[in-house]
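Residue numbers (my numbering), protein chains in the order written: chain A, 4 to 273; chain B, 604 to 1027.
Every residue gets a Cβ at the ideal spot worked out from N, C-alpha and C, and that includes glycine.
Since the structure is predicted, the reported quantities are computational estimates derived from the model, not experimental observations.
These notes are about the structure you will find just below.
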């Protein structure tokens, strides 16, 4: 496999060159079941999924579909009840610690310390990944510029707008240049400008060969950004493939949102 | 190691920027130590060395009343007030003054007691002497009683002390009167009367008050000696509020989830919290000791004496800090919201403090409460510090208390780890 270093908008990756590894599975989930203690029903119920290296994979589903639980198991945060999960060749169910340096996680919550500044937050998470000294300072400065926070770097996160917090949250997830980035609703509740900048950053990451799993409620986002998507409900994958093809194969559906509603129904999910 | 230092640094920044937390850790205990030490200084002086004002109602010219009044004044414990507003104190005056809250203690001495005691001495002599030599006697009469009036707010131990002092005083006067009568009679019978050879000139047993520790130390208990270590321990355990709040905010805000995806062990994250908060407790300890030794004496109290067992004191402070930190982490693990945690921590610490003798010294509590108080980690800590500061205790003598504190810290940390794992 031919590998080259790529520098684009501050994201440095060891990149699988086009056509050289897109078929390698970054994530392979087989027969995954997760049942929480005290619950009769499985939140994830026999889920099968494959995410290839270098792609942006959209995980779509209504509330309670099992997206966050699936991502938590993939990231080693939760133990599966049964089934297999391989991430970048490692069995996460048996060795969750082995993928930690390869994985970046951008949770749905603003998982930053509100009373620390953006720079202090990024420096802290960088140190947790083994970055120190000048390399850490340079990486933090670079990322702050990439996410448009260089002028607010020394302000506390608690003083940021929603969009600024989301951008800082993304930066914290990629500080260590992970091979796989897992994003759980990274654009919830922010303005169009911040969303635009986050998309730009994600495309740059994708261009650098980064593999991403992207859970979202926004169908339009997924259609624009993702190379493939999986629509899931009740803990199972209902349909997966490139969004354009999935829409085309469904008569009467003009876009991903219509397809999503047809598959998951219009009843409210609380 | 570098990751541990990074987490320690982060914890310190978070704590320093939590103004409410810093106030709980330093401002509140400082205020507690200063206020309680100053307030109790007067009360303890009154009990230990100061004078309590008493109204005394006696009949003018009554020798027994005069002797009791003089005895009260000479005891050093009382300031005797026999006149109010230019008029002699009477039983009615005592009742009025106590009802109005102007005075707390009043004593009414019945008249003619000395004469009745002297008559009693005559009867005694008549029974002992041959009939020709016996003095003339009169029929026995009751001596009467000294009435002591108290304000209802006066505590029982103090009431008992006053009544006991009066009993001893009146018995002393009674003996003196009787001995004087007998001595006078015998001198008349024998014709011998050596000047300066009365009973009162003979040596008598005296009682001396000393406070002696195990090492022979002679430190007077004071409000400072009680309050500084007591409220320092209270402050240490109050770190549970910012500590547990920080853990809950980390969990609710999602940073704990992010931390779990990072290549850093949970033990490192937990160890950093333990290190930072033990450090904070030790800073609190030193800070409040300096207040006791340097600030309070300038405000008129005694200075804090800490003895000479510095290593033992440091180990005791470390054990108390570990127990407090473990408790705080456990509270952060088991509570679901910061509000819930704040209420639980504050309530638990106040209860443990009350039982542990922080607010009221343990020896003043009922026996049952003293027994329950032995379950309080604050009691273990306070007992160790009082041993080291006042009783000349050593590391060996306070080891049982320190072992309990360390075990409590380890147990609470263990519970926290179990809860964290269960919630994963």
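- [ ] Going by CA-CA distance only, name the one from A/62, A/83, A/125 and A/50 that's closest to residue 40 of chain A.
- [x] Looking only at A/62, A/83, A/125 and A/50, the smallest Cα-Cα distance to residue 40 of chain A is reached by A/83.
Open item on the list: For chain A, check one thing: does any of its Cβ atoms lie closer than 9 Å to the Cβ of residue 656 of chain B?
Closed with: Not closer than 9 Å to any Cβ of chain A, the Cβ of residue 656 of chain B fails to qualify, so no.
TODO: Out of A/256, A/182 and A/200, state which residue places its alpha-carbon closest to the alpha-carbon of residue 171 of chain A.
DONE: Ranking A/256, A/182 and A/200 by Cα distance to residue 171 of chain A puts A/200 first.
TODO: Check each candidate in B/682, B/901, B/726 and B/1025 and name the one with the smallest Cα separation from residue 709 of chain B.
DONE: Selection B/682, B/901, B/726 and B/1025 evaluated against residue 709 of chain B yields B/682 as nearest (Cα-Cα).
TODO: Given a cut-off of 9 Å, decide if residue 50 of chain A and residue 107 of chain A are closer than it, judged by their beta-carbon atoms.
DONE: Cβ atoms of residue 107 of chain A and residue 50 of chain A: not closer than 9 Å.
Task: residue 129 of chain A to residue 146 of chain A span [Cα, whole Å] - done: About 11 Å.
TODO: Return the residue from the list A/120, A/37, A/32 and A/64 that minimises the CA-CA distance to residue 242 of chain A.
DONE: Residue A/64 is the option with its Cα nearest to residue 242 of chain A.
TODO: Rank B/993, B/1015 and B/693 by C-alpha distance to the C-alpha of residue 932 of chain B and give the top, closest one.
DONE: With distances taken between Cα atoms, residue 932 of chain B lies closest to B/1015.
TODO: Starting from residue 187 of chain A, trace the beta strand (DSSP E) both ways and give me its first and last residue.
DONE: Its beta strand (DSSP E) spans residues 183 to 187.
- [ ] Would you tell me roughly how many angstroms separate the C-alpha atoms of residue 160 of chain A and residue 914 of chain B, rounded to the nearest one?
- [x] Rounded to the nearest angstrom, the gap between the Cα atoms of residue 160 of chain A and residue 914 of chain B is 43 Å.
Open item on the list: Here's a check: name, in chain order, each residue in its chain whose Cβ is nearer than 8 Å to the Cβ of residue 94 of chain A, leaving out the five neighbours to either side.
Closed with: Taken in chain order, the residues that qualify are 87 and 88.
- [ ] Identify the contact partners of residue 79 of chain A in chain B, using a Cβ-Cβ distance below 9 Å as the criterion.
- [x] Simply 863 and 864.
Open item on the list: Would you say residue 858 of chain B lies against chain A (beta-carbon separation less than 9 Å)?
Closed with: For residue 858 of chain B, the answer is yes, since a Cβ of chain A falls inside 9 Å of its Cβ.
- [ ] Measure the C-alpha to C-alpha separation of residue 696 of chain B and residue 643 of chain B and round it to an integer number of angstroms.
- [x] Looking at the two C-alpha atoms, the distance is approximately 29 Å.
Open item on the list: Taking only three categories from DSSP, how would you classify residue 194 of chain A?
Closed with: DSSP places residue 194 of chain A in coil when its eight states are reduced to three.
Task: Supposed close pair residue 1017 of chain B, residue 836 of chain B - CB separation, criterion 8 Å - done: For a cut-off of 8 Å, the C-beta gap from residue 1017 of chain B to residue 836 of chain B is around 22 Å, too long to register as a contact.
Open item on the list: Quick check on this structure: which residue in A/255, A/268 and A/247 has the alpha carbon closest to the alpha carbon of residue 61 of chain A?
Closed with: Of all alpha-carbon atoms in A/255, A/268 and A/247, the one lying nearest the alpha-carbon of residue 61 of chain A is that of A/247.
Task: Residues of the segment 127 to 144 of chain A whose Cβ lies closer than 8 Å to any Cβ of chain B, in chain order - done: Correct list: 127, 128, 130, 131, 132, 133 and 135.
Task: C-alpha gap between residue 204 of chain A and residue 149 of chain A, whole angstroms - done: About 8 Å.
Open item on the list: Give me the DSSP bridge partner(s) of residue 906 of chain B.
Closed with: In DSSP, residue 906 of chain B forms no bridge with anything.
Task: Run of the alpha helix (DSSP H) containing residue 880 of chain B, from where it starts to where it stops - done: For residue 880 of chain B, the enclosing alpha helix (DSSP H) begins and ends at 869 to 893.
Open item on the list: Can you pull out the residues from the segment 619 to 638 of chain B whose beta carbon lies closer than 8 Å to at least one beta carbon of chain A?
Closed with: Correct list: 620 and 621.
TODO: Quick one: grab the DSSP three-state call for residue 155 of chain A.
DONE: Helix at residue 155 of chain A.
Open item on the list: Using beta carbons (cut-off 9 Å, strictly below), is residue 936 of chain B in contact with chain A?
Closed with: Residue 936 of chain B is outside the set of residues whose beta carbon lies under 9 Å from a beta carbon in chain A.
Task: Cutoff 8 Å; reference residue 871 of chain B; Cβ partners in own chain excluding five residues on either side - done: Here the set comprises 606, 607 and 610.
Task: Cut-off 6 Å between Cβ atoms - residues of its own chain near residue 927 of chain B, not counting five sequence neighbours on either side - done: Around residue 927 of chain B, the same chain offers 839, 840, 842 and 884 as residues with beta carbons nearer than 6 Å, after the five sequence neighbours per side are excluded.
Task: Beta carbon proximity, residue 617 of chain B to chain A, threshold 9 Å - done: Answer yes: the Cβ-Cβ gap between residue 617 of chain B and chain A drops below 9 Å somewhere.
Task: Rounded C-alpha distance that separates residue 635 of chain B from residue 863 of chain B - done: Roughly 40 Å separates the two Cα atoms.
TODO: Can you grab the Cα-Cα spacing for the pair residue 758 of chain B / residue 923 of chain B, in whole Å?
DONE: Residue 758 of chain B and residue 923 of chain B have their C-alpha atoms some 33 Å from each other.
Task: Cβ-based neighbour list, residue 988 of chain B, same chain, cut-off 7 Å, excluding 5 preceding and 5 following - done: Closer than 7 Å at the Cβ level, and outside the excluded window around residue 988 of chain B, lie 832 and 919.
Task: Residue range of the unbroken beta strand (DSSP E) whose run includes residue 53 of chain A - done: It spans 47 to 55 - the beta strand (DSSP E) in which residue 53 of chain A sits, taken as one unbroken run.
Open item on the list: For residue 738 of chain B and residue 726 of chain B, I'd like the C-alpha separation in whole angstroms.
Closed with: Each residue's alpha carbon lies about 8 Å from the other.
Open item on the list: Report the CB separation of residue 845 of chain B from residue 628 of chain B in whole angstroms; it is logged as a contact under 8 Å.
Closed with: The beta-carbon distance between residue 845 of chain B and residue 628 of chain B, rounded to whole angstroms, is 7 Å. This is short enough to meet the 8 Å contact definition.
Open item on the list: Can you tell me whether residue 901 of chain B is helix, strand or coil according to DSSP?
Closed with: Looking at residue 901 of chain B - three-state DSSP - the assignment turns out to be helix.
- [ ] Under the assumption that residue 238 of chain A contacts residue 197 of chain A (Cβ atoms under 8 Å), give the Cβ distance between them as a whole number of angstroms.
- [x] Their Cβ separation, rounded to whole angstroms, is 32 Å, which puts residue 238 of chain A and residue 197 of chain A out of contact at 8 Å.
- [ ] Note down, one range per segment and in chain order, each alpha helix (DSSP H) of at least 4 residues found wholly within the segment 714 to 801 of chain B.
- [x] The qualifying runs are 716 to 731 and 759 to 793.
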